[in-house]
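In this note's numbering, the protein residues as written are 22 to 169.
No residue lacks a Cβ here, since even glycine has one placed at the ideal position from N, Cα and C.
Treat the numbers as computed from the prediction; the structure is a model and nothing was measured.
Structure first, commentary second.
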């Protein structure tokens, strides 16, 4: 027996919630992958000289982690039809081996008849939003096996 996936979702449902850790090592790896070697992402002296509290994570890395929550939940990156955010505050990354916790949660804001689901993502560090207006429109699989 199968049922439509969208029939299992309701507005307000939190469909995914995960905490990601960002370390200085992650910043170095991301800089290499993205080509963004801006020193505010690795040099404390430069970061503080421009008014930042310390080295900060790349905004696109933070956005990418929030997107990863979606693709992990959906199982298919191509299922994300639209995705956008606004950067609200920097993610300060301490110089230790632990890093900073970034908590990402996705909640349903609309279940559409065409099989698309609108989601709002909450992205926080220490209970402060680091991304705002984080929204996605996703295409869910038409059917999946129901629970026995």
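Exercise for the section: Using three-state DSSP, classify residue 62 as helix, strand or coil. Expected result: Here residue 62 is taken as the residue at index 41 of the chain shown, counted from 1. The three-state secondary structure of residue 62, taken from DSSP, is helix.
Practice task
Consult DSSP for residue 83 and reduce its assignment to one of helix, strand or coil.
Solution key: Here residue 83 refers to the residue found at position 62 of the chain shown. Reduced to three states, the DSSP call for residue 83 is helix.
Handout entry: Assigned exposure category for residue 33 - 16 Cβ within 10 Å defines buried
Key = By one-based count along the chain shown, residue 33 stands at place 12. The residue in question, residue 33, is exposed, as its Cβ has fewer than 16 Cβ neighbours within 10 Å.
Exercise for the section: Please determine, among 31, 38 and 121, the residue with the shortest C-alpha to C-alpha distance to residue 46. Expected result: Position 25 of the chain shown, counting from 1, holds the residue named residue 46. Nearest option by C-alpha distance: 121.
Handout entry: Straight-line gap, residue 56 to residue 124 (C-alpha atoms, nearest Å)
Key = For the purposes of this step, residue 56 is taken as the residue at position 35 of the chain shown. For the purposes of this step, residue 124 is taken as the residue at position 103 of the chain shown. Spanning the two alpha carbons is a distance of roughly 25 Å.
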